[in-house]
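Everything in the sequence shown is counted per the working numbering, starting at -13 for the first residue and increasing by one. Beta carbons: idealized from backbone N, C-alpha and C, even for Gly. Structure, as structure tokens:
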Amino acid sequence: MNIAVVGAGYVGLVTSACFAELGNQVICIDNDEVKIKALKRLKIPIYEPGLEELVKRNYKNGRLSFTTNIVDAVRKSLVIFIAVGTPPKENGEADLTGIEHVACSIAKAMTSYHLVVEKSTVPVETGHWVKHTIEINKKKSVSFDVASNPEFLREGQALKDFMHPDRIVIGVESKKAENILKELYSGINAPILVTDIKSAELIKHASNSFLALKISFINAVSRICDLSGADIERVALGLGMDARVGRTFLDAGIGFGGFCLPKDLDAFITIASKLGYSFDLLKEVKKINELQRRDFIQKIESHLWNIKNKTIGVLGLAFKPDTDDMRFAPSIEIVNTLEGLGAHVKVYDPQSMTKARKIFRNVKFCSDAYTVAKGSDCLVILTEWNEFKELDLKRMKKLLRQPLVIDGRNIYLPEKMKELGFKYISVGRK
Ligand code: UGA
């Protein structure tokens, strides 16, 4: 099938490469000329395991191409996915001007039937506005359909999530659109849920908000564990063994970050309020997430006594492992607060150093975890990279000024750390 994907960000690039891998002819479009030029030289702007190889293979075999020319791409494609950003506005609402602009450009380029599919995360009723925008900008004789096909890709596991999803959701208004999307996904072995467009849009917001709710719930329970002496890992295990709850997304830590969960939560709260419902449950989810970070900073403070002039070694900056993404990473608030309190901060992350250099101006960037530990008054863990789980802890202990580890991701066993002679503080565990 001939496909166009508008937007060469995380979602657009993964979607393009995966559809090409499934045997389709894909044109990926972005208005950022520098990005498109780099992609043509096979320079991938993001770190996503397996993506570079997939892009290279499909670019070389001619199934994947990159362009800034939306008119040409639209005319060559039956299905057009909109995968441009929907960044948050000051009030938490999603900024949909990018979607409107793309819908308008698609409409003006159309000369025959096209199926226009929302892939970006958008508030309920966006499909209606996309349809309206195309309607008023297209040539009269041209027919089209709009559909919603939300993505459920996790950064760091995006290719796996695309090829082996739990479900594929398609929101449509016509049998023709349904059949095209079903054919497009026929190479993927997963249940397809066909629904109306509004429900499909809502499924995406509800999914991300529910995941955020699970994380905030377990983080709140971790506070009770800290206060009572119970162990959050055991509680999460016991809770998760109930199939109705499930163990996934019950890892306590420093709260959720990234470009999706925080932004989608805000957008869902805002759209609910606009529709006339005050989603207080989700407001509390957000509050718990903010408190979790503050509580972690307090733990550092209480174990270092005065933060001023102390050297704090930070391992991990990305909002989660296997990505270089720093957007809304919990590390930003934590590192900035520590610096604000007068600490000297040394940092290392396996993938996000380039992006982190643009965010942190005064921290000392180190080449590895051991350099971070050297001479530090404490080690703080903010991202659970495997590399950190496999460190030579005896060596780390010798390098630290005092054997203090404050772990925001619970990556070590408290008994083992005690045995090695560390003062080890984690989340919801003694
Ligand atoms: C999330 C969803 O998981 C995807 O299904 C969705 O498609 C995507 O947003 C999106 O809307 O595009 P992602 O943001 O890549 O994916 O990352 P997650 O794996 O969901 O992690 C989000 C944050 O929650 C991270 O900061 C992570 O450290 C934190 N987290 C996750 C926890 O603190 N505890 C957990 O148990 C799980």
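Taking only heavy atoms of the ligand UGA into account, decide whether any of them is closer than 7 Å to the Cβ of residue i.
i, result
"Phe282", "no"
"Asp250", "yes"
"Gly(-7)", "no"
"Gly244", "yes"
"Glu219", "no"
"Asp308", "no"
"Ile201", "yes"
"Asp237", "yes"
"Glu76", "no"
"Phe67", "no"
"Leu197", "yes"
"Thr119", "no"
"Asn194", "yes"
"Thr138", "Rather than Thr, the amino acid found at residue 138 in this sequence is Phe. The answer is yes for Phe138."
"Phe305", "yes"
"Glu141", "yes"
"Thr323", "no"
"Leu247", "yes"
"Gly(-2)", "no"
"Gly241", "yes"
"Thr107", "yes"
With DSSP as the reference, identify every bridge partner of residue i, one or two as the case may be.
i, result
"Ser134", "Glu104, Gly157"
"His330", "Thr297"
"Pro307", "None; Pro307 has no bridge partner."
"Ala80", "Pro74"
"Gln11", "Asn(-12)"
"Phe67", "Val(-9), Val103"
"Tyr410", "Val391"
"Ile178", "Ile154"
"Phe52", "Cys14"
"Val231", "Beta-bridge pairing links Val231 to no other residue."
"Phe351", "Val333"
"Ala211", "Residue 211 is actually Cys in this sequence, not Ala. Paired residues: none, contrary to the question."
"Val366", "Val300, Ile392"
Please name the residue in the options whose C-alpha comes closest to that of residue i.
i, options, result
"Asn295", "Gln284, Val(-3), Glu325", "Glu325"
"Ile66", "Val(-8), Ile120, Leu277, Leu28", "Val(-8)"
"Ala304", "Thr297, Ile345, Phe282", "Ile345"
"Leu188", "Val(-3), Val221, Glu137, Ser353", "Glu137"
"Arg313", "Lys341, Trp291, Ser259", "Lys341"
"Asp310", "Asp16, Ile30, Ile298", "Ile30"
"Val413", "His87, Ile120, Leu236", "Leu236"
"Thr119", "Met149, Leu268, Leu82, Leu139", "Leu82"
"Ile174", "Ser259, Leu145, Lys184", "Leu145"
"Lys126", "Ala95, Lys332, Arg395, Ala133", "Ala95"
"Lys75", "Ile257, Asn292, Leu301", "Ile257"
"Val442", "Ala133, Lys200, Phe148", "Past the edges of the chain, shown from -13 to 416, lies residue 442, and the structure says nothing about it."
"Cys211", "Ala6, Leu8, Thr1, Arg415", "Arg415"
"Leu368", "Lys117, Lys306, Arg347, Phe408", "Lys306"
"Asp393", "Val300, Cys352, Lys124, Glu376", "Val300"
"Asn47", "Glu287, Gly328, Leu8", "Leu8"
"Ile356", "Leu101, Asp16, Glu376", "It should be noted that the sequence gives Tyr, not Ile, for residue 356. Taking only the C-alpha atoms, the option nearest Tyr356 is Glu376."
"Asp131", "Lys404, Val102, Gly142, Leu199", "Val102"
"Ala(-10)", "Leu267, Val88, Glu276", "Val88"
"Asn372", "Lys260, Val180, Gln284, Gly142", "Gly142"
"Asp378", "Ile183, Ala359, Arg395", "Ala359"
"Ile15", "Arg43, Ala3, Thr53", "Thr53"
"Ile411", "Ser288, Gly84, Asn348", "Ser288"
"Ala6", "Arg27, Glu79, Tyr171, Asp18", "Tyr171"
"Ile417", "Asp281, Leu327, Leu277, Glu276", "Since the displayed the chain opens at -13 and closes at 416, residue 417 lies outside it and no answer follows."
"Ser98", "Leu64, Glu121, Ser91, His114", "Leu64"
"Leu251", "Gly262, Leu199, Gln278, Gln284", "Leu199"
"Ser106", "Val0, Glu405, Lys285, Leu261", "Val0"
Would you be able to state if there are at least three C-beta pairs under 8 Å between the stretch 356 to 364 and the stretch 380 to 398?
yes
Quick check: the stretch 145 to 164 against the stretch 310 to 318, are there 3 or more CB pairs under 8 Å?
no
Can you find at least 3 beta carbon pairs, one from the stretch 56 to 67 and one from the stretch 333 to 349, that sit closer than 8 Å?
no
Touch test, the stretch 204 to 213 against the stretch 231 to 241, Cβ-Cβ under 8 Å, three pairs minimum:
yes
Any chance the stretch 258 to 273 sits against the stretch 21 to 32, with 3 or more Cβ pairs inside 8 Å?
no
Please determine if the stretch 99 to 119 and the stretch 190 to 203 are in contact, where contact requires at least 3 C-beta pairs separated by less than 8 Å.
yes
When the Cβ atoms of the stretch 210 to 219 are set against those of the stretch 154 to 174, are three or more pairs found closer than 8 Å?
no
Please confirm if the stretch 67 to 75 is in contact with the stretch 31 to 41, defined as three or more CB-CB distances below 8 Å between the two stretches.
no
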